[in-house]
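Numbering (our numbering), first residue to last: 8 to 335.
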């Protein structure tokens, strides 16, 4: 089968592309990182260096594809609203148009649990939960991107949307590395003693879910699925597990939510005023650390046959082994 992976030089997309190639698919990887693209090309894949904002290039990449996996996104707690919109919304629209033009059989879209996020505890969220009022440009544009996918489905394109939560593993540049960096610099902000419950997902489990979506019945077209490891736990427990596995003590800063939120707001204000890069702390990050958010994955298990084969414990071991190897 001919398959296209957008964001194929990124954390999740690269992992997916390698798995698909191991299954003897003809894989085209679309991304912007030429060095990683060259590595994937050496592994027998076709690499297309292109930006989602390039409508013609995206349409051309869709030609001859049976399935398209849309893993690319501008995923960050901070950035310019236009950049989020152009990549996450217009980029998705360009991909949809390319799929429709070239009669792609299935589009699997990677969304996010951020579409649900609000500054309150949320436990066992189901896919029927309506979008929350967006807390930042990332959440807003991912909601809009899902609407682009829904419209494509109405036009006859077979689509499935996955909403993974907290992806981590070897190659992660966001979740655990951000926390470990904060530990080294200023200490990890610990709100409510780290008792909020988090629901994370090992990267290869997300890859497995994507492949389940690829092979799912056409009767499931238009469906949306939450994806996690199904092992929610308090944030402090997750951090302590990582600390033990790394054999590295972590540094914490105990803060109340109001103080942390106010501090983040001030940092964001200064960064916006002086056109600085991402501040050390954002209000969204404070919310993620202060409030529980867990997802119900029963629909993915029942419909897709999804099973998180890599446990949280094993995933932390694999991440820690990779993280320590970066210093060697």
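All residues carry an ideal CB built from backbone N, CA and C; glycine is no exception.
Just so you know, these numbers come straight off a predicted model, no measurement behind them.
Cβ-Cβ distance between residue i and residue j below 7 Å
| i | j | result |
| --- | --- | --- |
| residue 252 | residue 323 | yes |
| residue 86 | residue 59 | no |
| residue 131 | residue 303 | yes |
| residue 197 | residue 259 | yes |
| residue 231 | residue 134 | yes |
| residue 129 | residue 138 | no |
| residue 69 | residue 14 | no |
| residue 9 | residue 71 | yes |
Among the options, nearest to residue i - alpha-carbon criterion
| i | options | result |
| --- | --- | --- |
| residue 155 | 80, 248, 101 and 214 | 101 |
| residue 222 | 27, 15, 16 and 20 | 27 |
| residue 25 | 217, 131 and 202 | 217 |
| residue 53 | 63, 62, 61 and 41 | 41 |
| residue 176 | 203, 190, 188 and 207 | 207 |
| residue 330 | 20, 133, 179 and 104 | 179 |
| residue 33 | 326, 73 and 289 | 73 |
| residue 183 | 31, 274 and 257 | 257 |
| residue 226 | 164, 148, 325 and 117 | 164 |
| residue 148 | 89, 191 and 193 | 89 |
| residue 93 | 31, 61 and 283 | 61 |
| residue 152 | 215, 328 and 82 | 82 |
| residue 191 | 29, 255, 280 and 307 | 255 |
Rounded separation between residue i and residue j - CA only
| i | j | result |
| --- | --- | --- |
| residue 213 | residue 262 | 33 Å |
| residue 115 | residue 269 | 39 Å |
| residue 287 | residue 316 | 34 Å |
| residue 200 | residue 250 | 16 Å |
| residue 238 | residue 245 | 11 Å |
| residue 91 | residue 247 | 34 Å |
| residue 66 | residue 47 | 21 Å |
| residue 309 | residue 271 | 40 Å |
| residue 57 | residue 43 | 13 Å |
| residue 333 | residue 18 | 16 Å |
| residue 189 | residue 140 | 28 Å |
| residue 326 | residue 320 | 10 Å |
| residue 277 | residue 283 | 8 Å |
| residue 63 | residue 328 | 41 Å |
| residue 318 | residue 205 | 15 Å |
| residue 267 | residue 45 | 43 Å |
| residue 23 | residue 281 | 39 Å |
| residue 29 | residue 117 | 21 Å |
| residue 273 | residue 279 | 10 Å |
| residue 181 | residue 31 | 30 Å |
| residue 109 | residue 193 | 51 Å |
Proximal residues to residue i (C-beta, below 8 Å), its chain only, five neighbours per side dropped
| i | result |
| --- | --- |
| residue 162 | 107 |
| residue 127 | 298 |
| residue 158 | 103 |
| residue 39 | 16, 56, 57 and 58 |
| residue 20 | 12, 13, 14, 36, 38, 76, 78 and 79 |
| residue 243 | 197, 200, 201 and 202 |
Sequence-distant residues of the same chain with beta carbon closer than 7 Å to residue i, five excluded per side
| i | result |
| --- | --- |
| residue 160 | 166, 228 and 229 |
| residue 275 | 286, 289 and 290 |
| residue 307 | 216, 232, 233, 234 and 313 |
Presumed contact (8 Å Cβ cut-off) between residue i and residue j, rounded CB distance
| i | j | result |
| --- | --- | --- |
| residue 136 | residue 145 | Not a contact, Cβ separation roughly 18 Å. |
| residue 295 | residue 220 | Not really, about 26 Å apart at Cβ, beyond 8 Å. |
| residue 291 | residue 143 | 5 Å |
| residue 174 | residue 210 | 5 Å |
| residue 265 | residue 241 | About 21 Å; that fails the 8 Å criterion. |
| residue 300 | residue 120 | 7 Å |
Own chain, CB closer than 6 Å to residue i, minus 5 neighbours either side, in chain order
| i | result |
| --- | --- |
| residue 75 | 11, 106, 111 and 114 |
| residue 311 | 219 and 223 |
| residue 80 | 95 |
| residue 171 | 208, 213 and 234 |
| residue 84 | 289, 291 and 292 |
| residue 125 | 139 |
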